[in-house]
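The structure under discussion appears below in the form of structure tokens.
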Amino acid sequence: MKKEFNYDKNKVYVIGVSGGPDSMALLHMLIKQKYNLIVCNVNYNTRKESSLEQEMVKKYCLERSITFEGISVNYSKLEGNFEAWARDIRYQFFKETLEKYNADALMVAHHKDDLLETYLIQKQRRNITKYFGLKKETFLLKTKVIRPLLDYYKEELLDYCNKNNIPYSIDSTNLENDHLRNKIRNQVLAFYSKEDKEKLLMIINKENIKRMNNLESIKKFLCLDKISIDEFNNLEDIEKKLLIHDLIVQKCPDMINRVSLYRINECIKLLKSDKPNVFIKISGTYYFIREYNFFYVDKLDNEEDFEYIMKEPSYLDTKEFSCDFRIDTSYLKITKDSYPLTFRNIKEKDVVKIGEITKKVNRLLIDEKVPLNKRKKYPVVVDKNNKIVYIPLYRSQIQKSIANKLMFVLK
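Residue numbers in the sequence shown follow our numbering, run continuously in steps of one, and reach 400 at the last position.
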């Protein structure tokens, strides 16, 4: 069993040690190779032996002049998923310890069997997965995480501990099938031969190569402000899902582990809708927005209503727009008798007369292809009789010319 690692020995590493054979084997290897270590241990108080196991790890470290950091937490009032809660507690503690000692990276003792378990869990949960199994190096909570033991099976690590007289504890709860990982470990992988496991590792490797190609195919879309639905439809199904996942995470980083397949499928359904302008909420003020033949993820702010009064022809500069009404506006039928003018955002029941036709202003903006996220703060100009006398539009040359004369700029 090869045990020499090739990491920078001038750096400081935090290592998560539970007291089980995997982490104790890794700790022994790293101490033997003279790495600079800070040992972290979390006592979840799930068993009577938990405190004794923490003391065992602490004693092992102190006898070898290794810095030890341990915490004790109480899960008795926990409601929900214990595994997720414990993982959050553990990695937050690791992160705090890294910061305390200005350490360079975190080392954890995941091995080949953990990798296989993770893959089977990913397949069962059917979530969007960018990498199958476990990476040798990754980042969690902006912390570099190194997994030095991914080339070894648990059985090899147990054998290493026994041959080197390394103390370790066996967590009896791992034999229970209360959690999905335990079920897969005890009811599926326990019946795999080493040959079966190696075949599964080859399958995982092939899937990761294909997934890398999928991610490469969507990379060009992630730097665009808006994505063409026609181009989107040319992607493979998995690439569509990966793209929507990454668009959401790009705008809402805190959702990196919370973008469900259901939500992604809802977004895809939206792109097949007969409605040209639709959106669904993603998180907070962020929405997945479809505008005609394009889509994107962005904020739809709940802007407050605005209203500005212009008592006489003048220049107006607001956070929503700026304009100059000091020029002759009689061609718009805006005269001195029209004042005071009110500049406000559009109301639901606003209508405007175009020739002999009366049209809802919201409908007009749709026809003019005004983006959905701009309509709420789109201004109209109302005279003293509460009649809409001007709406700044830009599609036709005439409308552009009028807007240019008025120096009407939407922000």
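We put the CB at the ideal spot given by N, CA and C, even for glycine.
Small disclaimer: the values here were computed from a predicted structure and weren't measured.
Ranked by Cα distance from Asp214, the first of Ile4, Pro360, Lys(-8) is Pro360.
Excluding the 5 residues flanking it on each side, Lys172 has same chain C-beta neighbours closer than 6 Å at Asn166, in chain order. Look at Arg36 here: in three-state DSSP terms it is coil, with no helix or strand label. If you look at Glu220, you'll find it in the alpha helix (DSSP H) that goes 218 to 221. Per DSSP, Thr107 is one residue of the alpha helix (DSSP H) stretching across 101 to 114. In the DSSP assignment, Ala94 is bridged to Tyr2. Under the 10 Å beta carbon count, Thr127 is surrounded by fewer than 16 other beta carbons and is classified as exposed. Taking the Cα positions, Asn351 is about 31 Å away from Cys212. As computed with DSSP, Ser61 is found in a beta bridge with Asn32.
When DSSP assignments are scanned along the segment 116 to 199, the uninterrupted stretches of beta strand (DSSP E) that are 3 or more residues long and fall wholly within it turn out to be 126 to 129, 132 to 135. Ser206 carries a helical assignment under DSSP once its states are collapsed to helix, strand and coil. With distances taken between CA atoms, Asn375 lies nearest to Lys336 out of Lys270, Ser249, Tyr367, Lys336. Burial is judged here by how many other beta carbons sit within 10 angstroms of a residue's own beta carbon; Leu41 has fewer than 16 and is exposed. Put simply, the backbone Cα of Lys363 is about 17 Å away from that of Tyr379. Membership of Ser12 in the alpha helix (DSSP H) is indicated by the continuous run 10 to 21. Look at Met299 here: in three-state DSSP terms it is strand. Per DSSP, the continuous beta strand (DSSP E) segment holding Lys342 begins and ends at 340 to 343. For Ile377, the enclosing beta strand (DSSP E) begins and ends at 377 to 379. Excluding five sequence positions before and after Tyr367, the CB atoms of its chain that fall closer than 7 Å to its own CB belong to Asn334, Ile335, Leu354, Val359, given in chain order. Cβ neighbours of Ser390 within its own chain (closer than 7 Å, five residues either side excluded): none. For the pair Thr347 and Val340, the CB atoms are nearer than the 8 Å cut-off.
For Val370, the beta-bridge partners assigned by DSSP are Phe332, Tyr379.
In this model, Pro329 and Asp317 are separated by some 16 Å (Cα to Cα).
Per DSSP, reduced to three states, the secondary structure at Thr86 is helical. Put simply, the backbone Cα of Leu395 is about 12 Å away from that of Ser319. Per the C-alpha coordinates, the member of Val248, Ala179, Ile159, His99 positioned closest to Asp140 is His99. Residue environment: Leu105 is assigned as buried (16 or more neighbouring CB atoms within 10 Å of its CB, all protein chains considered). The count of Cβ pairs closer than 8 Å, one atom from the segment 197 to 212 and one from the segment 226 to 238, reaches three, so the stretches are in contact. Counting C-beta atoms within 10 angstroms of its own C-beta, Lys322 has fewer than 16 neighbours from the protein chains shown and is therefore classed as exposed.
Remark: C-beta atoms of Phe82 and Ile60 approach each other more closely than 8 Å. In the three-state reduction of the DSSP assignment, Cys312 falls in the strand class, which pools E and B. Between the C-alpha atoms of Glu145 and Asn254 there is a straight-line separation of about 43 Å.
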